[in-house]
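Novice: Before we start, here is the structure in question, set down as structure tokens.
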Amino acid sequence: MDSRRTLLVFLLCVGVSLGVGVPPFASAQEYACSCYCATKQGAILTPNATTDSTCRDTCESAGNSVATCARDASGLPSQNVSCFTKKQCANQEGKFDSYQPSECLPSVHYCYPDPSKAMKVTLSTSIAGLTVTGDLGEYISKVYQWMLGAATTIAIVFLMVAGLRWTLGGLSAEEIGKAKKTIQNSVIGLVLLLFTYLILSTVNPQLLKLQVPTFPMIRTVLLVGEDDSCEYLLGKYRGKPYLIMHGAPSDSPFAVGQPQPQGGNPYIIKESTASKGGSCGSIAEIDQDWEGNDVADGETCQFTYCGDEDQKCIGVGATAGCVSCDQVASSTVASSPTGVVPSESTCAELAPQHRYSGNVNNLMVANYCNYMETITATGVLSRCISMSIECLTVSTCDKYSLTQITGWSSLLYADFDPATTLSGMTLERLCTEDPCKAGERSNTSCVYSETTGCGAK
């Protein structure tokens, strides 16, 4: 009876499963992608296939496999670091392979190391006449030859010693037996040594070539720093070399006059791709680095040109704009006339460039942009305030205390209200750094005191 109940329950379960069925799994969400089929001619773009499934079906219907279905630039065949053009292979001193890999773009192949350009190593001890080599296989081959010769010599010596013991053994059966055993072992060892080549050839002929397997080289792909502007990479600032003495934020190593090999050899930028024609916020694609090597696809830089020398490019792309230090005020974006919220880092970035005469050692005008907070009855008012120092007027250290700070109003360091907090180039920092070299000119040192301000010592 129990077996019948068990059978009945089993049949009911089968019937329910067949009648109700198992709900099908939801199909995986597909994303748009760029489809490339792997063919004998290389990775070929299939524009009609825009998803993983259509890419697979299209490639298989043509008798090919899928090379890639890239969802972004990093997945494109052009980003495959094992694929080289002839020029790229030559730049890395490799040998361009004739075989067309299916995962590489047409006419883009593997590149292998050139043995003739391998680094040569001088051996501390000569081995079988070898003193300099750049091939590990050659080194192993010479070591093998030396060991084979040394082992053969040792076997012959043992054979001669055993023969001598046999001769001098006389009627001693024990000595003659030892000599025979030594001769036997020496002959066996000598035969094995002489037949080593035959044994290795029988097992695997490749063992005799002693060649290290060659692997495709990895293509050098350069990345560009996010903070590097197009002007910095081009080495030009307002038509002059990108140098601090010409008002640039820093010295570019690619500017004309900088040390070789980078000096005068800038990056190559596709200026035709610049979104805003080279002005603030204009994004352009980078083609090659200063050595002529291709950079990674999709690498871009941003132009930061502003018509007013005292303005700086703030923001990225379409939202970027030229802003001066004194234009940034208030504590919220809504109440800020420029939409830029003042902060210590933002104000420091908006500092106008110093003015020099001839070289960076002759500072004429020192410019700064400080961050100031003032406590008011309604809250805290924050703003960026500029400060400009005519170094010719700073003849002594105490003149720094008379430095005028501009903004919504003009005030001196000595006129600071207790409710005001200044960050950036404070009087203490200004006195200590002495940018105008007032202390040096008077053979003294500028020292700050909370009671007297900046003075000489």
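Reading the sequence shown from the start, the letters are residues -28 to -1, 1 to 429 in mature numbering (1 follows the signal peptide of the UniProt record, and there is no 0).
For every residue, glycine included, the Cβ atom is placed at its ideal position computed from N, Cα and C.
Bear in mind the structure is a predicted one, so any value in this text is a computation, not a measurement.
Just mark I286 as buried or exposed, buried being the case when its beta carbon has 16 or more other beta carbons within 10 Å.
Specialist: Residue 286 sits at position 314 when you count from the first residue of the sequence shown. So I286 ends up on the buried side.
Novice: My understanding is that E271 touches I258, with C-beta atoms under 8 Å, so please give their C-beta distance in whole angstroms.
Specialist: Reading the sequence shown from its first residue, position 299 is the one you call residue 271. Reading the sequence shown from its first residue, position 286 is the one you call residue 258. Confirmed, Cβ separation roughly 5 Å.
Novice: Specify, as a first and last residue, the run of the alpha helix (DSSP H) that K114 falls within.
Specialist: Numbered from its first residue, the sequence shown carries residue 114 at position 142. Its alpha helix (DSSP H) spans residues L108 to L140.
Novice: Kindly indicate which residue of N237, I171 and T23 has the alpha-carbon position closest to the one of L180.
Specialist: Locating residue 180 in the sequence shown gives position 208, counting from the first residue. Comparing Cα positions, the closest option is I171.
Novice: Could you give the uninterrupted runs of the beta strand (DSSP E) lying entirely in the stretch 188 to 219, keeping only those of 3 residues or more?
Specialist: Here no run is fully enclosed.
Novice: Three-state secondary structure (DSSP) at L170?
Specialist: Here residue 170 corresponds to residue number 198 of the sequence shown, with the count starting at 1. In the structure shown, L170 sits in a helix (DSSP, three-state: H, G or I).
Novice: From A10 to D266, what does the alpha carbon distance come to, in whole angstroms?
Specialist: Here residue 10 corresponds to residue number 38 of the sequence shown, with the count starting at 1. Here residue 266 corresponds to residue number 294 of the sequence shown, with the count starting at 1. Their Cα atoms are separated by approximately 24 Å.
Novice: Residue range of the beta strand (DSSP E) that T346 falls in?
Specialist: Within the sequence shown, the letter at position 374 stands for residue 346. That run of the beta strand (DSSP E) goes N331 to T348.
Novice: Can you pull the DSSP bridge partners for G425?
Specialist: In the sequence shown, counting from the first residue as 1, residue 425 sits at position 453. G425 is bridged to S421.
Novice: Among the candidates L399, G293 and K371, whose CA atom is the shortest distance from the CA of G279?
Specialist: Taking the sequence shown and counting its residues from 1, one reaches residue 279 at position 307. Cα-wise, what sits closest to G279 is G293.
Novice: Using the three-state DSSP reduction, which class does P85 fall into: helix, strand or coil?
Specialist: In the sequence shown, the residue the question calls residue 85 occupies position 113. Three-state result, P85: strand.
Novice: Taking 7 Å as the limit between beta carbons, can you name the residues of its chain near G47, skipping five residues before and five after?
Specialist: Numbered from 1 along the sequence shown, position 75 holds the residue referred to as residue 47. Cβ within range, chain order: T40.
Novice: Contact between the stretch 183 to 193 and the stretch 204 to 222: three or more CB pairs below 8 Å?
Specialist: No: the two stretches stay apart, fewer than three of their Cβ pairs being nearer than 8 Å.
Novice: Who pairs with K284 in a beta bridge, going by DSSP?
Specialist: Here residue 284 is taken as the residue at index 312 of the sequence shown, counted from 1. Its beta-bridge partners are V295.
Novice: Looking at C-beta atoms only, is the number of pairs between the stretch 349 to 364 and the stretch 406 to 423 that lie closer than 8 Å three or more?
Specialist: With a cut-off of 8 Å, the stretch 406 to 423 and the stretch 349 to 364 count as touching, because enough Cβ pairs lie within range.
Novice: For residue 445 and S70, what's the separation of their Cα atoms in angstroms?
Specialist: A query on residue 445 cannot be resolved here, the shown segment of the chain reaching from -28 to 429 and no further.
Novice: May I ask which residues mark the beginning and end of the alpha helix (DSSP H) holding G411?
Specialist: Numbered from its first residue, the sequence shown carries residue 411 at position 439. First-last of the alpha helix (DSSP H) with G411: A410 to R413.
Novice: Which one of A42, L77 and A34 has the shortest CA to CA distance from S54?
Specialist: The residue you call residue 54 lines up with position 82 of the sequence shown. Here the closest residue by C-alpha is L77.
Novice: Return the residue from the list C83, L108, Y84 and C426 that minimises the CA-CA distance to K92.
Specialist: What you label residue 92 is simply residue 120 of the sequence shown in a count that begins at 1. Considering only alpha carbons, the answer is L108.
Novice: If the criterion is Cβ atoms closer than 8 Å, does the pair I357 and D298 meet it?
Specialist: Here residue 357 corresponds to residue number 385 of the sequence shown, with the count starting at 1. Here residue 298 corresponds to residue number 326 of the sequence shown, with the count starting at 1. Cβ distance < 8 Å, so I357 and D298 count as in contact.
Novice: Is the beta carbon of T375 less than 8 Å from the beta carbon of L394?
Specialist: Position 403 of the sequence shown, counting from 1, holds the residue named residue 375. Position 422 of the sequence shown, counting from 1, holds the residue named residue 394. Contact flag unset, no.
Novice: Can you tell me whether D269 is buried or exposed, with buried defined as 16 or more other CB within 10 angstroms of its CB?
Specialist: Stepping through the sequence shown from its first residue, residue 269 is reached at position 297. So D269 ends up on the exposed side.
Novice: Need the endpoints of the alpha helix (DSSP H) that S317 sits in, please.
Specialist: Stepping through the sequence shown from its first residue, residue 317 is reached at position 345. Residues E316 to E321.
Novice: How should K89 be labelled, buried or exposed, when 16 other C-beta atoms within 10 angstroms of its C-beta is the threshold for buried?
Specialist: The residue given as residue 89 occupies position 117 in the sequence shown. It counts as exposed.
Novice: Please confirm whether V300 and L335 have their CB atoms less than 8 Å apart.
Specialist: One-based indexing of the sequence shown puts residue 300 at position 328. One-based indexing of the sequence shown puts residue 335 at position 363. Against a cut-off of 8 Å, the Cβ pair of L335 and V300 comes out as no contact.
Novice: Work out the CA separation of Y277 and S251 for me, nearest whole Å.
Specialist: Along the sequence shown, read from residue 1 onward, the residue named residue 251 stands at position 279. Along the sequence shown, read from residue 1 onward, the residue named residue 277 stands at position 305. Near 5 Å, if we compare the C-alpha coordinates of Y277 and S251.
Novice: What number of angstroms, rounded off, separates the C-alpha of S417 from the C-alpha of V366?
Specialist: For the purposes of this step, residue 417 is identified with residue 445 of the sequence shown, where counting begins at 1. For the purposes of this step, residue 366 is identified with residue 394 of the sequence shown, where counting begins at 1. When rounded, the distance between both Cα atoms is 14 Å.
Novice: Going straight from the alpha carbon of A42 to that of Y3, what length do you get?
Specialist: Locating residue 42 in the sequence shown gives position 70, where the first residue counts as 1. Locating residue 3 in the sequence shown gives position 31, where the first residue counts as 1. Approximately 10 Å between the Cα atoms of the pair.
Novice: Straight-line CA distance for Y82 to V133?
Specialist: Numbered from 1 along the sequence shown, position 110 holds the residue referred to as residue 82. Numbered from 1 along the sequence shown, position 161 holds the residue referred to as residue 133. Going by the C-alpha atoms only, they are around 58 Å apart.
Novice: Between the C-alpha atoms of V104 and C202, what's the straight-line distance to the nearest angstrom?
Specialist: Mapped onto the sequence shown, residue 104 falls at position 132. Mapped onto the sequence shown, residue 202 falls at position 230. Looking at the two C-alpha atoms, the distance is approximately 47 Å.
Novice: Could you check if A145 is buried or exposed, using at least 16 other CB atoms within 10 Å of its CB as the buried criterion?
Specialist: What you label residue 145 is simply residue 173 of the sequence shown in a count that begins at 1. With fewer than 16 other Cβ atoms within 10 Å, it is exposed.
Novice: Alpha carbon to alpha carbon, what distance is there between S315 and V305?
Specialist: Locating residue 305 in the sequence shown gives position 333, where the first residue counts as 1. Locating residue 315 in the sequence shown gives position 343, where the first residue counts as 1. Below a pLDDT of 50, predicted positions are generally treated as unreliable, and V305, at 48, falls in that range; no measurement from the model is reported.
Novice: So, is L210 buried or exposed, given that buried needs 16 or more other C-beta atoms within 10 angstroms?
Specialist: Counting from 1 along the sequence shown, the entry for residue 210 is found at position 238. Checking the sequence shown, residue 210 turns out to be Arg, not Leu. With fewer than 16 Cβ atoms within 10 Å of its Cβ, R210 is classed as exposed.
Novice: Determine whether the beta carbon atoms of H326 and N342 lie at a separation below 8 Å.
Specialist: On the sequence shown, residue 326 is found 354 positions in, with the first residue counted as 1. On the sequence shown, residue 342 is found 370 positions in, with the first residue counted as 1. Going by C-beta atoms, H326 is not nearer than 8 Å to N342.
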